[in-house]
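Asks:
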Amino acid sequence: MHRTPLYLAIALAGLASLPLAAVAQEANADRKDATELEGVVVTGSRIPRATVEGPAPVTVITADDIRAKGLNTAYDVVRSLTQSTGSVQTQQFQGFTPGAQQVDLRGLGPSYTLVLLNGRRMADFPLAYNAQSNFTDIANIPVSMIERIEVLTGSASAIYGSDAVSGVINFILKQKADGSTLNYRVGDTQDGGGFSQRLQLTSGGSIGDLDALFGVEFYRQDPIFQYQRSFQDSLRDNPTLRAPAVAARTFLRWNPATLQYIDPGQATCDALSHLDRGTLQYTSRPNRGWFCGSTEALYGTVQNQRENGVGYASLSYHLNDDTRAYMDFQAAHTRTKFGGGPNYWGYGGSSDNTFINAATGTYEAWQRIFTPEEVGGLDAVLDYNRDTTRSLNTGIEGHFGDWHYDAGYSNARFRMVQAHRAIVIDAADRFFLGESQGIDDDTGYTVFAPNVDRLYRPLTRAEYESISRYTPINAHTRAESFNLSIDNGALFELPAGDVGVAAVAEYGTQAYAMNIDPDVTANRYFGWTGTGGSGARSRYALGTEFRIPLLASLSLTPAVRYDSYSFAGHTTAKTTQGLGLEWRPTDSLLLRGSAATSFRAPDLHYVFAGPSGAYYTLTDYYLCRSRQAGVPYSDCDYDGISVKGTRRGNRGLDSESGKSFTYGLVWSPAPEFDVSVDYYDIRLDNAITDRDLDEILRTEADCRLGVTEGGTRVDPNSPTCQQALALVSRNPSSAPVQPGQINGASTYPINAAALRNSGIDASLNYRLDTARLGQWALRLNYTGVLKYTYQQFPGDADINVRDDRAYDNLRSKISGSAAWTYGAFTTTLFGQRYGSLPKYDQSGRYGPSMTYNLSLDWRINERARLGLSVVNLRNTPPHRDSTNAGYPYYDQFQFDPIGRQYFLEFAYRFGGSTRR
3 MHRTPLYLAI ALAGLASLPL AAVAQEANAD RKDATELEGV VVTGSRIPRA
53 TVEGPAPVTV ITADDIRAKG LNTAYDVVRS LTQSTGSVQT QQFQGFTPGA
103 QQVDLRGLGP SYTLVLLNGR RMADFPLAYN AQSNFTDIAN IPVSMIERIE
153 VLTGSASAIY GSDAVSGVIN FILKQKADGS TLNYRVGDTQ DGGGFSQRLQ
203 LTSGGSIGDL DALFGVEFYR QDPIFQYQRS FQDSLRDNPT LRAPAVAART
253 FLRWNPATLQ YIDPGQATCD ALSHLDRGTL QYTSRPNRGW FCGSTEALYG
303 TVQNQRENGV GYASLSYHLN DDTRAYMDFQ AAHTRTKFGG GPNYWGYGGS
353 SDNTFINAAT GTYEAWQRIF TPEEVGGLDA VLDYNRDTTR SLNTGIEGHF
403 GDWHYDAGYS NARFRMVQAH RAIVIDAADR FFLGESQGID DDTGYTVFAP
453 NVDRLYRPLT RAEYESISRY TPINAHTRAE SFNLSIDNGA LFELPAGDVG
503 VAAVAEYGTQ AYAMNIDPDV TANRYFGWTG TGGSGARSRY ALGTEFRIPL
553 LASLSLTPAV RYDSYSFAGH TTAKTTQGLG LEWRPTDSLL LRGSAATSFR
603 APDLHYVFAG PSGAYYTLTD YYLCRSRQAG VPYSDCDYDG ISVKGTRRGN
653 RGLDSESGKS FTYGLVWSPA PEFDVSVDYY DIRLDNAITD RDLDEILRTE
703 ADCRLGVTEG GTRVDPNSPT CQQALALVSR NPSSAPVQPG QINGASTYPI
753 NAAALRNSGI DASLNYRLDT ARLGQWALRL NYTGVLKYTY QQFPGDADIN
803 VRDDRAYDNL RSKISGSAAW TYGAFTTTLF GQRYGSLPKY DQSGRYGPSM
853 TYNLSLDWRI NERARLGLSV VNLRNTPPHR DSTNAGYPYY DQFQFDPIGR
903 QYFLEFAYRF GGSTRR
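Take 3 as the starting number for the sequence shown in this note's numbering and just add one per residue.
Laid out in structure tokens, this is it:
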């Protein structure tokens with residue numbers, strides 16, 4: 003497992019920290035308070051304030067909270083928020099952005115949440131989410147260096163501009179340190195795989211007028227494969243089975259015209275039985291025939307292999323009592339390995355993989371799924387990402403009179419290379435089938451005279467590598483901005499108090515490029531496609547905000563901002579407004595509300611995506627309804643077919659616009675107790691959306707048949723039908739092979755959709771200090787979605803996303819923690835309840851599920867701390883859906899299969915003060 007370099011890194015990092023720690027202890031400790039320029043600025047406003055609670059709800063998560071709840075990454079923290087009700091692409095989903103970790107507040111999608119690092123925008127992940135839109139990856143944010151996370155769950159475009167539709171998440175890293183802290187954590191899983199190590203070092207102090215902090219983090223995580231979890235290690239785990247499971251067709255020869263398999267014989271498969279870890283066998287599929295395959299050939303990763311190094315520096319130099327220069331710099335390098343399983347091959351010279359066998363004169367199709375024994379082991383099955391990120395934030399801030407100013411420059415870059423070993427169509431076709439014997443004049447199919455022994459013989463690694471090669475994606479993004487902000491907490495005085503003001507001016511540029519192998523878009527690889535594109539945009543913004551005390555107990559916070567984006571030869575601009583209201587009728591009660599408009603400029607990839615494609619597993623609803631009427635889709639022969647979808651960008655897109663409202667209360671009758679309840683309502687119009695391929699195929703079926711599944715008549719000549727029919731291509735009904743079946747579908751982004759999401763957020767905190775039994779703390783958080791509607795086209799009926807069984811966002815989520823501190827020991831139990839989700843067959847919903855984490859923290863002395871945490875205490879597996887016939891038979895966008903994990907952590911502080 004090559005752990006030696008990590009232990010060496012521990013030693014080197016520890017030695018490197020000693021000089022700074024020693025100097026820090028001798029630093030000047032009596033700097034005047036006037037040089038401490040920090041104010042209490044809370045995410046959601048640029049005006050300093052005395053309290054966190056304001057007109058819009060803000061959640062603050064501290065470093066202690068993260069550790070106590072057993073949360074190990076920035077992604078874990080964000081997903082633990084009850085407002086994170088949306089489904090996201092987890093590590094087990096091998097889509098377009100493997101290795102990335104997204105944020106999705108309110109279920110609107112990752113692109114609608116603005117993610118900040120120390121109050122500045124980050125560079126987007128270089129690859130597009132679902133091959134559609136850009137988003138921010140939080141995988142490289144070092145959790146050890148987080149001081150706190152501030153989460154504003156509401157629209158904030160009037161403060162921050164584009165993207166702040168469903169909320170803002172601001173990761174605030176540490177700015178100061180007293181001495182050096184070395185932290186080592188080791189973790190493992192109960193069910194196998196996933197061993198991890200993490201080393202963190204932070205060191206800092208003050209030398210004269212310089213405050214400095216440095217930090218490094220090294221992390222390694224082993225992969226977990228599908229076959230390592232008992233509930234998904236076999237196709238026999240399918241909960242809908244009424245007969246023996248059909249194995250993966252590892253060696254298959256069949257006649258596409260009759261849909262019958264050509265029997266290889268028992269002896270042929272017995273000679274191959276050592277493959278797929280000894281599970282390959284002679285087996286059959288009902289009504290089709292016999293082949294060689296395995297029900298246990300499951301080699302995809304459910305947790306990636308990951309090696310990561312992060313460095314962070316924060317420097318602040320006090321030029322005088324009123325001015326300081328600052329610089330924050332972060333750099334990270336990550337190597338991630340992942341995979342969805344072995345490659346496979348079929349004849350690539352026709353869309354349906356069919357050729358004519360000259361020896362038999364019949365249509366044939368061959369299939370090979372390559373086993374780990376052939377390709378060089380499980381490691382050779384995996385793809386990899388190598389990515390490098392860096393961000394710089396520098397500037398000068400200070401005071402002149404009652405004014406505070408901050409003039410800053412930020413530059414963030416993200417560069418990555420992704421590599422996948424793909425099957426080269428021409429090389430593989432020649433290897434298995436030999437040279438072409440010509441084209442059949444009647445059908446247009448190619449004629450071959452293949453040697454069948456080639457199909458039923460294991461490949462050597464050299465042979466496999468001769469028909470495959472790594473196909474790279476080189477991608478990068480950058481974000482650059484200049485910012486000037488000023489604020490004055492006492493611009494002038496009213497009878498009720500001081501009027502505060504803040505103003506901001508910004509100029510920025512963004513760019514991205516996704517450069518894929520030209521052979522991918524030329525369709526020279528079997529079963530492998532991709533998406534490319536490149537483009538840039540510039541923007542500028544002006545904004546202002548006021549805090550106006552109308553009464554001693556009542557204040558108003560209006561804000562306005564103008565943003566202008568230029569891209570693809572045209573400009574889109576938007577003015578957004580915000581208004582907040584705070585009323586404190588008593589010292590213990592805050593009544594609050596906010597109203598705001600929002601907007602989101604089109605993502606670069608929505609605009610600049612080049613011709614690209616992807617393979618989708620879809621249902622041919624038309625053939626299921628017309629040829630197998632009454633048969634459930636999960637049992638239909640045309641369910642789960644592979645369809646190549648194509649897509650390109652749209653340079654005529656406009657900005658999305660929206661509104662949001664919140665109102666609620668915070669009640670704190672005593673210092674040890676507080677409760678808050680807030681209603682939210684987010685509305686979005688002109689939203690950008692790709693035409694959903696599943697929806698296109700459902701609509702196409704309705705239009706071809708002239709009636710919906712519910713019996714409503716449909717006009718085939720309507721604009722909706724004409725558009726859907728034009729997007730789907732099919733084989734001719736007279737085709738000798740797969741007549742009438744889908745052979746392609748197209749989609750594109752449009753400004754059309756409208757959505758509304760409303761619900762309730764609530765929280766409760768209770769603290770109890772006792773003389774003999776220590777300190778107790780209870781926290782509860784709740785989010786309930788009351789309404790979520792979606793309309794794809796103007797004039798269409800609203801889809802009730804909250805209750806519609808075709809969507810899998812959570813309707814409710816609860817989290818809670820109970821902590822007990824006694825002397826040097828703190829124990830925390832943290833639990834999460836996930837609400838019901840729709841069943842796969844859309845027949846109803848299955849019930850909620852719960853997971854628990856337990857942590858124990860022991861402060862050995864003023865310098866040393868030992869922590870033990872158990873994640874998923876009850877080893878709760880993913881919630882199985884008894885109607886889900888699709889592997890892995892649970893909702894992989896909401897649940898992970900890792901199971902119980904154990905983590906042991908030790909931290910020691912060198913130098914600095916011993917005060918805690």
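Virtual Cβ for every residue (Gly too), placed ideally from N, Cα, C. Quantities reported herein were computed from a predicted structural model and do not represent experimental measurements.
For a quick check, are the C-beta atoms of Glu-366 and Pro-460 less than 8 Å apart?
Replies: No.
Asks: Is it buried or exposed, Glu-495, if we count other Cβ atoms within 10 angstroms and call 16 or more buried?
Replies: When all chains shown are included, Glu-495 counts as exposed.
Asks: When we look at the beta-carbon of Ser-157 and count the other beta-carbons within 10 Å, is it buried (16 or more) or exposed?
Replies: So Ser-157 ends up on the buried side.
Asks: How is Glu-697 classed by DSSP in three states: helix, strand or coil?
Replies: Residue state, collapsed to three classes: helix.
Asks: Whether or not the segment 228-235 and the segment 897-911 are in contact is what I'm after, with contact meaning three or more pairs of Cβ atoms, one per stretch, closer than 8 Å; do they touch?
Replies: The segment 897-911 is in contact with the segment 228-235.
Asks: For Val-105, name the three-state secondary structure that DSSP assigns.
Replies: Three-state result, Val-105: coil.
Asks: Tell me the rounded alpha-carbon separation between Leu-486 and Tyr-328.
Replies: Looking at the two C-alpha atoms, the distance is approximately 14 Å.
Asks: Where do the ends of the alpha helix (DSSP H) carrying Glu-55 lie?
Replies: That residue, Glu-55, is in no alpha helix (DSSP H); it is neither H nor E in DSSP.
Asks: For Leu-175 and Gln-724, what's the separation of their Cα atoms in angstroms?
Replies: Each residue's alpha carbon lies about 53 Å from the other.
Asks: Do Gln-777 and Thr-830 come within 8 Å of each other at the CB atom, strictly closer than that value?
Replies: No, the pair does not count as a contact, with Cβ atoms beyond the cut-off.
Asks: Beta carbon of Tyr-458, beta carbon of Thr-281: below 8 Å?
Replies: Their beta carbons are not under 8 Å apart, which means Tyr-458 does not touch Thr-281 by this criterion.
Asks: What's the call for Thr-462, buried or exposed, on a 16-neighbour Cβ count within 10 Å?
Replies: Exposed, since its Cβ has fewer than 16 Cβ neighbours within 10 Å.
Asks: Tell me whether the segment 576-592 and the segment 556-568 touch, counting them as touching only if at least three CB pairs, one residue from each stretch, are closer than 8 Å.
Replies: With the cut-off at 8 Å, the segment 576-592 and the segment 556-568 touch.
Asks: Between Ser-657 and Ser-765, which are expected to be in contact by the criterion C-beta below 8 Å, what is the C-beta distance as a whole number of angstroms?
Replies: With 8 Å as the limit, Ser-657 and Ser-765 do not qualify as a contact, their Cβ atoms being about 33 Å apart.
Asks: Could you say which of Trp-405, Gly-88 and Ser-393 lies nearest to Arg-415 if we only look at CA atoms?
Replies: For the residues Trp-405, Gly-88 and Ser-393, the minimum Cα distance to Arg-415 belongs to Ser-393.
Asks: What is the DSSP secondary structure of Thr-574, reduced to helix, strand or coil?
Replies: It is a strand residue.
Asks: Would you mind giving the Cβ-Cβ distance between Gln-96 and Gly-302, rounded to the nearest angstrom? I have them listed as a contact below 8 Å.
Replies: Correct: roughly 6 Å between the Cβ atoms.
Asks: Kindly indicate which three-state DSSP category Phe-832 falls into: helix, strand or coil?
Replies: Correct three-state label for Phe-832: strand.
Asks: Just grab the DSSP bridge partners of Leu-667 for me.
Replies: Looking at the DSSP assignment, Leu-667 forms a beta bridge with Leu-593 and Val-679.
Asks: Between the beta-carbon of Asp-165 and the beta-carbon of Ser-113, is there less than 8 Å?
Replies: Yes.
Asks: Under a Cβ-count criterion, where at least 16 other Cβ atoms within 10 Å of its own Cβ denotes burial, should Gln-903 be classed as buried or exposed?
Replies: Buried, by the Cβ-count rule.
Asks: So, for Gly-346: in the same chain, excluding its five sequence neighbours on each side, which residues have a beta-carbon less than 6 Å away from its beta-carbon?
Replies: Checking the displayed sequence, the identity of residue 346 turns out to be Tyr instead of Gly. Closer than 6 Å at Cβ, skipping near neighbours: Ile-371.
Asks: What are the complete alpha helix (DSSP H) segments, minimum 4 residues, inside the segment 251-287?
Replies: Entirely contained in the segment 251-287, the alpha helix (DSSP H) runs reaching 4 residues are, in chain order, 268-272 and 277-280.
Asks: Any idea if Ala-504 is buried or exposed, counting beta-carbon neighbours within 10 angstroms, 16 or more meaning buried?
Replies: Buried, by the Cβ-count rule.
Asks: Hey, out of Ser-286, Gly-181, Tyr-386 and Arg-308, whose CA is closest to Arg-943's CA?
Replies: Only positions 3 to 918 of the chain appear in this structure, which leaves residue 943 out of reach.
Asks: Just to confirm my understanding: we take Arg-602, look at its own chain, exclude 5 residues before and 5 after, and list those with CB closer than 6 Å. What are they?
Replies: Result list for Arg-602: Ser-164, Asp-165, Val-167 and Glu-658, in chain order.
Asks: With distances taken between CB atoms, is the gap from Thr-84 to Lys-815 smaller than 8 Å?
Replies: Yes. Within cutoff.
Asks: Going by DSSP, name the residue or residues bridged to Cys-294.
Replies: According to DSSP, which records beta bridges pairwise, Cys-294 is partnered with Phe-253 and Tyr-284.
Asks: Looking only at DSSP bridge pairs, what is Gly-311 linked to?
Replies: Answer by DSSP bridge pairing, in chain order: Phe-220 and His-335.
Asks: Check Glu-38 in the structure and name its three-state DSSP category.
Replies: Low local confidence applies: a pLDDT of 37 at Glu-38 is under 50, so the model's placement there is unreliable, with the coordinate-based value given in what follows. Note: Glu-38 maps to coil in three-state DSSP.
Asks: Which same chain residues end up closer than 6 Å to Gly-217 when comparing Cβ atoms and leaving out the 5 residues on each side of it in sequence?
Replies: Excluding residues within five positions, the ones whose Cβ falls inside 6 Å are Met-147, Thr-204 and Tyr-314.
Asks: Along the chain, where does the beta strand (DSSP E) containing Pro-551 start, and where does it finish?
Replies: Residues 535-553.
Asks: If I follow the unbroken beta strand (DSSP E) through Leu-556, where does it start and stop?
Replies: Counting along the chain, the beta strand (DSSP E) containing Leu-556 begins and ends at 556-569.
Asks: Quick check: the segment 730-738 against the segment 709-721, are at least 3 beta-carbon pairs closer than 8 Å?
Replies: Contact between the segment 709-721 and the segment 730-738 is absent, because fewer than three Cβ pairs lie under 8 Å.
Asks: Reducing DSSP to helix, strand and coil, say where Glu-711 ends up.
Replies: Coil.
Asks: So the beta strand (DSSP E) Glu-152 belongs to, where does it begin and stop?
Replies: That run of the beta strand (DSSP E) goes 148-154.
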